[in-house]
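Going down the list, the sequences are from chains G and Z.
Oh and the first sequence: position 443 is 442 in numbering that gives the first Met the number 0, straight run, nothing missing.
Oh and the second sequence: position 284 is 283 in numbering that gives the first Met the number 0, straight run, nothing missing.
Working notes, beginning with the structure itself.
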Amino acid sequence: MRSYDAFIQLLGLTVVAAPAAMVLILGLPSLAGRPLSERSISRTIQTAIMVALLAALTVLTTMLADGDRHLAIEVGNWVKIEHPHYHFSIKLLFDRLSVPFVILTFVLCGIIGAFANRYMHRERGFNRFFVFFAFFVLGMVFTSLAGTIETLFVGWELVGLSSALLVGFYIERPAPVRNGLYVWTVYRVSDAALLLAALVLHHVRGEGDFEKLLGAGPWPAGEATITQWQALSVGALLLVAAAGKSALAPFSGWLPRAMEGPTPSSAVFYGALSVHLGAFLLLRASPLLALSPALCAGVVTIGLATAFFAASAGRVQTDIKCALSFASLTQVGIIVAEIGLFAPLSAWLLYVPLVHILGHGCLRTLQFVRAPTLLLDYRSLENAIGTPLPHANGIWDRCIPARRRRWFYRLALERGYVDAWLADYVVTPVLRVFRVCDALERRWARLLSGSSKQGQDARPAGEESL
Amino acid sequence: MSELHLPWLEAAVLLPLIGAICLTRERDPERARHWCLFFAVAAFCCVFCAWLDFESLEAERANDGWRLLSPIFEEPVLVIDELSGPLSSLTALLYALAVAATARTKARRFSFRLTLLSEALTLATLNCQRPWMLIALLALGGLPPYLDLRLRGQPTRIYAIHMTAFIVLMVLGWRLATSQDASRPAMAWSLLPLVAAVLIRSGIAPFHAWLSDLFEHARLGTALLFVAPLPGAYAAVRLLLPIAPTGVLQSIGLLSLATAIYASGMALVQRDARRFFCYLFLSHSSLVLVGLEGVTPLSLTGAMCVWLSAGLALGGFGLTLRALETRIGPLSLTDFHGLYEHTPNLAICFLLTGLASVGFPGAFGFVGMELLVDGVVSAYPYVGVLILLAAAVNGIAIVRAFFLLFTGKKYFSAVSLQVRARERYAVLALAALILIGGVFPQPMVDCCNRAAKLVEQQRWASWQGTSVMANKPAR
Numbered sequence: 000m001r002s003y004d005a006f007i008q009l010l011g012l013t014v015v016a017a018p019a020a021m022v023l024i025l026g027l028p029s030l031a032g033r034p035l036s037e038r039s040i041s042r043t044i045q046t047a048i049m050v051a052l053l054a055a056l057t058v059l060t061t062m063l064a065d066g067d068r069h070l071a072i073e074v075g076n077w078v079k080i081e082h083p084h085y086h087f088s089i090k091l092l093f094d095r096l097s098v099p100f101v102i103l104t105f106v107l108c109g110i111i112g113a114f115a116n117r118y119m120h121r122e123r124g125f126n127r128f129f130v131f132f133a134f135f136v137l138g139m140v141f142t143s144l145a146g147t148i149e150t151l152f153v154g155w156e157l158v159g160l161s162s163a164l165l166v167g168f169y170i171e172r173p174a175p176v177r178n179g180l181y182v183w184t185v186y187r188v189s190d191a192a193l194l195l196a197a198l199v200l201h202h203v204r205g206e207g208d209f210e211k212l213l214g215a216g217p218w219p220a221g222e223a224t225i226t227q228w229q230a231l232s233v234g235a236l237l238l239v240a241a242a243g244k245s246a247l248a249p250f251s252g253w254l255p256r257a258m259e260g261p262t263p264s265s266a267v268f269y270g271a272l273s274v275h276l277g278a279f280l281l282l283r284a285s286p287l288l289a290l291s292p293a294l295c296a297g298v299v300t301i302g303l304a305t306a307f308f309a310a311s312a313g314r315v316q317t318d319i320k321c322a323l324s325f326a327s328l329t330q331v332g333i334i335v336a337e338i339g340l341f342a343p344l345s346a347w348l349l350y351v352p353l354v355h356i357l358g359h360g361c362l363r364t365l366q367f368v369r370a371p372t373l374l375l376d377y378r379s380l381e382n383a384i385g386t387p388l389p390h391a392n393g394i395w396d397r398c399i400p401a402r403r404r405r406w407f408y409r410l411a412l413e414r415g416y417v418d419a420w421l422a423d424y425v426v427t428p429v430l431r432v433f434r435v436c437d438a439l440e441r442r443w444a445r446l447l448s449g450s451s452k453q454g455q456d457a458r459p460a461g462e463e464s465l
Numbered sequence: 000m001s002e003l004h005l006p007w008l009e010a011a012v013l014l015p016l017i018g019a020i021c022l023t024r025e026r027d028p029e030r031a032r033h034w035c036l037f038f039a040v041a042a043f044c045c046v047f048c049a050w051l052d053f054e055s056l057e058a059e060r061a062n063d064g065w066r067l068l069s070p071i072f073e074e075p076v077l078v079i080d081e082l083s084g085p086l087s088s089l090t091a092l093l094y095a096l097a098v099a100a101t102a103r104t105k106a107r108r109f110s111f112r113l114t115l116l117s118e119a120l121t122l123a124t125l126n127c128q129r130p131w132m133l134i135a136l137l138a139l140g141g142l143p144p145y146l147d148l149r150l151r152g153q154p155t156r157i158y159a160i161h162m163t164a165f166i167v168l169m170v171l172g173w174r175l176a177t178s179q180d181a182s183r184p185a186m187a188w189s190l191l192p193l194v195a196a197v198l199i200r201s202g203i204a205p206f207h208a209w210l211s212d213l214f215e216h217a218r219l220g221t222a223l224l225f226v227a228p229l230p231g232a233y234a235a236v237r238l239l240l241p242i243a244p245t246g247v248l249q250s251i252g253l254l255s256l257a258t259a260i261y262a263s264g265m266a267l268v269q270r271d272a273r274r275f276f277c278y279l280f281l282s283h284s285s286l287v288l289v290g291l292e293g294v295t296p297l298s299l300t301g302a303m304c305v306w307l308s309a310g311l312a313l314g315g316f317g318l319t320l321r322a323l324e325t326r327i328g329p330l331s332l333t334d335f336h337g338l339y340e341h342t343p344n345l346a347i348c349f350l351l352t353g354l355a356s357v358g359f360p361g362a363f364g365f366v367g368m369e370l371l372v373d374g375v376v377s378a379y380p381y382v383g384v385l386i387l388l389a390a391a392v393n394g395i396a397i398v399r400a401f402f403l404l405f406t407g408k409k410y411f412s413a414v415s416l417q418v419r420a421r422e423r424y425a426v427l428a429l430a431a432l433i434l435i436g437g438v439f440p441q442p443m444v445d446c447c448n449r450a451a452k453l454v455e456q457q458r459w460a461s462w463q464g465t466s467v468m469a470n471k472p473a474r
């Protein structure tokens, strides 16, 4: 029996170890300035993902055979201090939420890895793409299987960094880079909210173990053991973190910008996996939602607002990737609303958003990778019939007057002016304050040094590129 | 007090000093660079061996076994403990890497003699626990950057004003603090000059003008090596922490927290890479002070970890910037440079060291930052969470600088900008340390925890009016 348990533990560890080995094999030669060949990179990716997928499937099979719905693997304390008491434990959780999500991750990443192998062939940044991709896979696996909020945070950050760097993948153009920084900025807000939630958890429960916080029962049947107010505070922070990661309102502005990255990464990040991480986090924390009706109301409101916003903005997009990204966001909004709606009703209803995530992820990935050839097909079709494809008027065209429609069109085209509002009333004033401080400091330095012009002050201030 | 098996500490200080003297007659810059590297590496080996030797003794403090300087000083001057061991090793490593990574084209202008002199003074400072001698060494340590500024014909007034104020206030402050009854804690008012001195040396706002001035006008390597070991924080630990009342320390902590946030915001809007680095560094050094002044076991351990991790990471970050400056001159952050294709190694090192400094998972600083945040929030429950704001903004500033320097356009160069072998080794050594420390953080956390206990115990012993030696912390 003990050897059987050890075997299951070994399989569980393999699920994480294979992507970690992939990161090392691809990352270390790059660090040493001797990247692997395209063939070696491709084989490494395929082997690592296949090994991890088989291990995950075997874990699932054994869990189904045993009727075991909850398998926790204590990897041990990464850091432990006796006095003052502090420990950073790594724990992997295999349950009905994490196993489907991690299998989805491996299936989609394996497919996209194979697709990208051809799509990125002889691209200058081939190695760079796959190094970031490997970090993304590792981050997704950590996030999916995290049994503690600290482990989840590790994966969360890895996904964020790889995502931002892949948005800015085409490094010779300024636009992708600007958008990469935008994505990174939103992710940092999301990371800070998650870290703050972890801190509050530590102060409430003394540790960040999900089992201790959300009840030892297998997902989705856990019952949180904290007060309603504590649930509201931790849940609100998790909601902000989820909103940043899943581009929920009011952070939706980064999603269309993220389409600057290569199509394979857009497919797997913003069509399937990364964009669902916020919903996954809310599903993981669903026992908290069940405790707080106010929190549920907030989740439903944000989900519906996002769905409405994305559906409106998606209808006026002129580029296929952006249209797909908004279509994806619409579904994510609906999934989030489902979570907020079902969590207080019945734990078993939470399977609905989970299945929605799995189905939507697969469909959207297919649409993203099909998108470039779809345009060619449309062109062939139009050439064959000799005219542009006919556009049928929808119900809105008949119901809403033309003037109103134009107003809605502009509103949707400008994405509800949320980006402009954030830029004008949040980012610009903050930066202006610091620029004023900088100017004052330079003046103070001039005064102290007794010189008229000093250092960079002598240089005319150029328009900033970022 | 326990004794090391060999006079490692004195050798670590004397070797660079001898090297500095030898190099006064050396006119060939290439030979000077080789000799400087030899002495810097030898000093690092001595300091590292001292640390290993000290750890094997399992003692609280130790001095050299058979002392070379016994004819001059009767009592041992250089003492190693849990705090000075890792700090000295880190400092000596940074000096060795800085010398190793100095490009041949810059060797003619880089003062190896002053670098070795500065290393000797810094190592002596970090291993000195006698208050007056520590103050003298801190004062002398400010000399090499001043001489460097003078040699380059750069303005020195801002630096000189601040350093003079630091020395005067430090002497006055320590005199006032020790003039009272030793068995009772110092009065808050009498500590004001000492507090002001520590704030000036640490560059806490509004006393940070000298820091940006130094980074703008001195050689980047000189400025980096002068500030990287955080001598201001060291002075705070040795001189202020044992005697200051909690209220005074909390006030410094809050001021440091404000500086950390302010500096992170300033790093975000800088148009020049040197000033950007200066504010980034200031933000991190302020975070260390926030943790130190929290004086809870967790915040002290976190502060020690961040001290080491940020020292290593930002040291590497600074050396990367220096390598870039060597290639294309002053780096502006108003436009894209697109250097990635020419210097991919430096780009990776830039990102790795930068993210390690803000505590990215997998890097050395991650656990330290977690501990610091946890400790600071316990010490300052409501405002402590603002530390997350500083960390988040620093992360944004680093990636912004990365994008501006390495991406955004195609850079055309008539000559190769690839890293040289020595630079590559320096980069790899740093990366290896950051990643290994990130994956296996427990030994360093244990070491920092012991250092934190020592600091806590010294403070406790000072307030009780008893000797710290009577209360050895459990190992």
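Built from N, CA and C at the ideal position, the CB exists for glycine as well.
- Between residue 162(G) and residue 155(G), the alpha-carbon positions lie close to 11 Å from each other.
- Looking at 220(G), 233(G), 218(G), the one whose alpha-carbon comes closest to that of residue 203(G) is 233(G).
- In this chain, residue 70(G) is not harboured by any alpha helix (DSSP H); it is covered by the beta strand (DSSP E) spanning 69-80.
- Against chain G, the CB of residue 109(Z) has no partner CB under 7 Å away; the residue lies outside that interface.
- Contact of residue 226(G) with chain Z is not assigned, every C-beta pair being separated by 7 Å or more.
- Considering only beta carbons, the part of the stretch 408-431 of chain Z lying closer than 7 Å to chain G consists of 408, 409, 423, 427, 430, in chain order.
- Nearest CB-CB separation between residue 326(Z) and chain G: not below the 7 Å threshold.
- In this structure residue 67(Z) is exposed. Its beta-carbon is surrounded by fewer than 16 other beta-carbon atoms within 10 angstroms.
- Chain order gives the chain G residues near residue 300(Z) as 80, 83, 85, where near means a beta carbon separation below 9 Å.
- Residue 86(G) is bridged by DSSP to 79(G).
- The beta carbon of residue 150(Z) is closer than 7 Å to those of 110 in its chain, skipping five residues each way along the sequence.
- Under the criterion of beta carbons closer than 8 Å, residue 194(Z) and residue 134(Z) do not qualify as touching, at roughly 15 Å.
- Distance check between residue 267(G) and each of 167(G), 104(G), 340(G) places 104(G) closest, using alpha-carbon atoms only.
- If you draw a 10 Å sphere on the C-beta of residue 19(Z), you find 16 or more other C-beta atoms in it, and that means buried.
- By the Cβ neighbour-count rule, residue 80(Z) is buried, with 16 or more other Cβ atoms within 10 Å of its own.
- Note that the C-beta distance between residue 248(G) and residue 308(G) is below 7 Å.
- Less than 7 Å separates the beta-carbon of residue 451(Z) from that of residue 296(Z).
- Contact between residue 148(Z) and residue 216(Z) holds: CB atoms are separated by about 6 Å, below the 8 Å threshold.
- By the neighbour-count criterion, in which 16 or more other beta carbons inside 10 Å mark a residue as buried, residue 275(G) falls on the buried side.
- No Cβ-Cβ contact shorter than 7 Å links residue 119(Z) with residue 224(Z).
- The beta carbon of residue 431(Z) sits closer than 8 Å to none of the beta carbons in its chain outside the five residues before and after it.
- DSSP lists 2(Z), 78(Z) as the bridge partner or partners of residue 62(Z).
- In the three-state scheme derived from DSSP, where H, G and I count as helix and E and B as strand, residue 420(Z) is classed as helix.
- Under DSSP, residue 127(Z) forms a beta bridge with 77(Z).
- Looking only at 188(G), 323(G), 117(G), the smallest Cα-Cα distance to residue 42(G) is reached by 117(G).
- In this structure, DSSP gives residue 439(Z) a state outside helix and strand, which the three-state scheme calls coil.
- In this structure, 97(G) is the residue among 207(G), 97(G), 225(G) with its C-alpha nearest to the C-alpha of residue 219(G).
- Taking 4 residues as the minimum length, the alpha helix (DSSP H) runs contained wholly in the stretch 352-438 of chain Z are 364-378, 385-405, 420-438, in order along the chain.
- Contact of residue 261(G) with chain Z is not assigned, every C-beta pair being separated by 7 Å or more.
- Secondary structure at residue 52(Z): helix, using DSSP grouped into helix, strand and coil.
- Contact between residue 29(G) and residue 132(G) is ruled out by a C-beta separation of about 12 Å, above the 8 Å threshold.
- Here the alpha carbons of residue 64(Z) and residue 11(Z) stand approximately 14 Å from one another.
- Contacts with chain Z (Cβ-Cβ distance below 8 Å) from the stretch 182-210 of chain G involve 183, 184, 187, 188, 190, 191, 194, 195, 198, 201, 202, listed in chain order.
- For the stretch 418-442 of chain G, residues whose beta-carbon sits nearer than 8 Å to a beta-carbon of chain Z comprise 429, 430, 432, 433, 434, 436, 437, 440.
- As the crow flies, the alpha-carbon of residue 330(Z) is around 21 Å from that of residue 425(Z).
- In this structure, the beta-carbon distance from residue 305(G) to residue 270(G) does not fall below 7 Å.
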